[in-house]
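Data block below; observations after.
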Amino acid sequence: MTDAVVDDIVALLPQLLQALEFFARHLDPPAFGTVMQQIGAPDHALQAALLRLTGWPDQFGHLRGTLQSASDAALAAFAGLRAVEDREGD
3 MTDAVVDDIV ALLPQLLQAL EFFARHLDPP AFGTVMQQIG APDHALQAAL LRLTGWPDQF
63 GHLRGTLQSA SDAALAAFAG LRAVEDREGD
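The working numbering puts the sequence shown at residues 3 to 92.
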């Protein structure tokens with residue numbers, strides 16, 4: 003594994019885990035609006051870190067795909083939460 007790939011993993015994983023941590027620790031339906039304001043935008047940092055995967059060598063495609071899928075799921079979840087917050091969703 004190249005140093006660049008390791009650096010990218012080190013940059014991405016904390017952002018992914020922080021975004022996922024939101025769901026496990028902070029989601030409180032009665033205080034949804036307040037929680038969304040307090041939590042900030044960990045998904046924005048995740049999106050920025052995710053861009054680092056685009057330059058990976060093909061030999062790491064399986065790992066890139068797994069990290070991409072997990073990140074995409076977290077980003078989609080945040081998009082859904084923001085839609086609810088903006089009264090565009092259920």
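Each residue gets a CB set at the ideal place from its N, CA and C atoms; glycine is no exception.
Within 9 angstroms, strictly: CB atoms of residue i and residue j
| i | j | result |
| --- | --- | --- |
| Ala79 | Leu18 | no |
| Phe34 | Glu87 | yes |
| Gln70 | Ala47 | no |
Which of helix, strand or coil DSSP assigns to residue i
| i | result |
| --- | --- |
| Pro31 | helix |
| Met38 | helix |
| Pro59 | coil |
| Asp88 | coil |
| Thr4 | coil |
| Ala51 | helix |
| Ala43 | coil |
Contact belief for residue i with residue j at Cβ below 8 angstroms, rounded distance in angstroms
| i | j | result |
| --- | --- | --- |
| Ala51 | Leu14 | 4 angstroms |
Whole-angstrom distance between residue j and residue i, CA atom to CA atom
| i | j | result |
| --- | --- | --- |
| Asp10 | Arg66 | 10 angstroms |
| Asp60 | Leu53 | 16 angstroms |
| Leu83 | Gln49 | 16 angstroms |
| Pro31 | Gln39 | 13 angstroms |
| Thr4 | Thr36 | 42 angstroms |
| Ala85 | Leu22 | 18 angstroms |
| Asp45 | Gly57 | 21 angstroms |
| Leu29 | Val7 | 33 angstroms |
| Pro16 | Arg89 | 30 angstroms |
| Arg27 | Ala81 | 18 angstroms |
Beta carbon proximity, residue i to chain D, threshold 9 angstroms
| i | result |
| --- | --- |
| Ala72 | Absent from the structure: chain D. Only one protein chain is present. |
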